[in-house]
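Trainee: Below you'll find the structure I mean.
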Amino acid sequence: MTKLIGVIGAVALLTGGCGAPAATARDDRPVVLTTFTVLADIAGVVAGGHLRVESITKPGAEVHGYEPTPDDVKKAAAADLVVDNGLGLEAWFARFVAEVDAPHVVAGEGVAPVPIAEDAYAGEPNPHAWMSPLNVRTYVDNLVEAFAALAPQHAADFRANGERYRGELQRVHDDLVAALAVLPEGKRALVTCEGAFSYLARDAGLTERYLWAVNAEQQATPRQVAGVIEFVRAHAVPAVFCESTVSDAPMRQVVAATGAAFGGVLHVDSLSTPDGPVPTYLDLVRHDARTIAAALTRDPR
Ligand SMILES: [Zn+2]
């Protein structure tokens, strides 16, 4: 009953409560602008319709080396809150946020970072902290706090949404670990284009190997390709993967040289459009866990 009253209340708000058609109602909810689609989805769950949550980068777009447009700057200046991931994900963000002077919260603040092991980025925090659903609980806590400050009248809802989502994150984590626990010793290597799976590999007890550390150049050097080929051969890795936002051409070279299977496309830096395979963050984690487990347990070549 309470729920029904809530729905009626929301409809009344949308229509101005005087029979005006919803389409012409002014949307005067506070605007939250996030840097990428994964963050927008998580923020949207916490906001639960009380805030208008948008993403600067669109589904399928690259986020690391994005170049903000004048329109992005305008949007951010008009936003009530700007949310970034932090941990060095958005190389462009410091300059961007300095330009717009909008209130801003770092969703990944407080996550214990896993350092990048190789390449020019060695020692810097790996930015892909959301690839551990357990880390996303910290994102949720930061968002609940920021949203409660932004719209205090909805603070209780933000907290309840966050609490419910924390439960879902725990379940998705448990399922991920269970799906990958079946991999036998010696088949527990995750080979990808970008080194985006350090947190997932840690959670699931996999060894991570990749062509490049961070999607910036998105082009593997011959030395990087040769290194991965050597690793795949040495460990008889049955399948290798690449991510949706980059070219898989270098990984196809690894496939051709080693006879390993191409295990599929993994999603990290972007959600898909609503009709695609990973319209939400929880879908993204489930999809990747399923794809990895299926390819690595397939019959040996
Ligand atoms: Zn990335």
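According to mature numbering (1 follows the signal peptide of the UniProt record, and there is no 0), the sequence shown holds residues -22 to -1, 1 to 279 in order. No residue lacks a Cβ here, since even glycine has one placed at the ideal position from N, Cα and C. All values derive from a computational prediction rather than experimental measurement.
(1) I need the straight-line Cα distance from residue 30 to residue 21, nearest angstrom please.
(2) Can you tell which of 268, 213, 104 has its C-alpha closest to the C-alpha of residue 94?
(3) Taking 8 Å as the cut-off, does the segment 36 to 56 touch the segment 70 to 90 (at least 3 CB pairs, one atom from each stretch)?
(4) Rounded to a whole number of angstroms, what is the C-alpha to C-alpha distance between residue 148 and residue 110?
(5) Considering only the beta carbon of each residue, do residue 247 and residue 221 sit closer than 8 Å?
(6) Might you give, ordered along the chain, the residues of its own chain that have their beta carbon closer than 7 Å to the beta carbon of residue 265, omitting 5 neighbours on each side?
(7) Below 7 Å, is the gap between the Cβ of residue 247 and the nearest heavy atom of ligand 1?
(8) Closer than 6 Å by C-beta to residue 68: which residues in its own chain qualify, once you throw out the five before and the five after it? Chain order, please.
(9) Would you call residue 5 buried or exposed, if buried means 16 or more other Cβ atoms sit within 10 Å of its Cβ?
(10) In whole angstroms, what separates the C-alpha of residue 89 from that of residue 119?
(11) What span of residues does the alpha helix (DSSP H) with residue 142 cover, start to end?
(12) Could you spell out the range, first to last residue, of the beta strand (DSSP E) harbouring residue 82?
Mentor: In terms of the structure at hand:
(1) Here residue 30 corresponds to residue number 52 of the sequence shown, with the count starting at 1. Here residue 21 corresponds to residue number 43 of the sequence shown, with the count starting at 1. Near 10 Å, if we compare the C-alpha coordinates of residue 21 and residue 30.
(2) Walking along the sequence shown from the start, residue 94 turns up at place 116. For residue 94, the nearest C-alpha among the options comes from 104.
(3) yes
(4) Here the question's residue 148 lines up with position 170 in the sequence shown. Here the question's residue 110 lines up with position 132 in the sequence shown. Those two C-alpha atoms are separated by around 10 Å.
(5) In the sequence shown, the residue the question calls residue 247 occupies position 269. In the sequence shown, the residue the question calls residue 221 occupies position 243. Cβ distance < 8 Å, so residue 247 and residue 221 count as in contact.
(6) Locating residue 265 in the sequence shown gives position 287, where the first residue counts as 1. Correct list, in chain order: 245, 255, 256.
(7) Residue numbering aside, residue 247 sits at position 269 when the sequence shown is read from its first letter. The answer is yes for residue 247.
(8) By one-based count along the sequence shown, residue 68 stands at place 90. If we look at residue 68 and ignore the five residues flanking it on each side, its Cβ neighbours are 13, 62.
(9) For this step, residue 5 is matched to residue 27 along the sequence shown. Exposed: under 16 other Cβ atoms inside 10 Å.
(10) Along the sequence shown, read from residue 1 onward, the residue named residue 89 stands at position 111. Along the sequence shown, read from residue 1 onward, the residue named residue 119 stands at position 141. One C-alpha to the other measures close to 11 Å.
(11) Here residue 142 refers to the residue found at position 164 when the sequence shown is read from its first residue. Residue 142 -> alpha helix (DSSP H) spans 133 to 159.
(12) In the sequence shown, counting from the first residue as 1, residue 82 sits at position 104. Looking at the DSSP string, the run of the beta strand (DSSP E) that includes residue 82 is 82 to 84.
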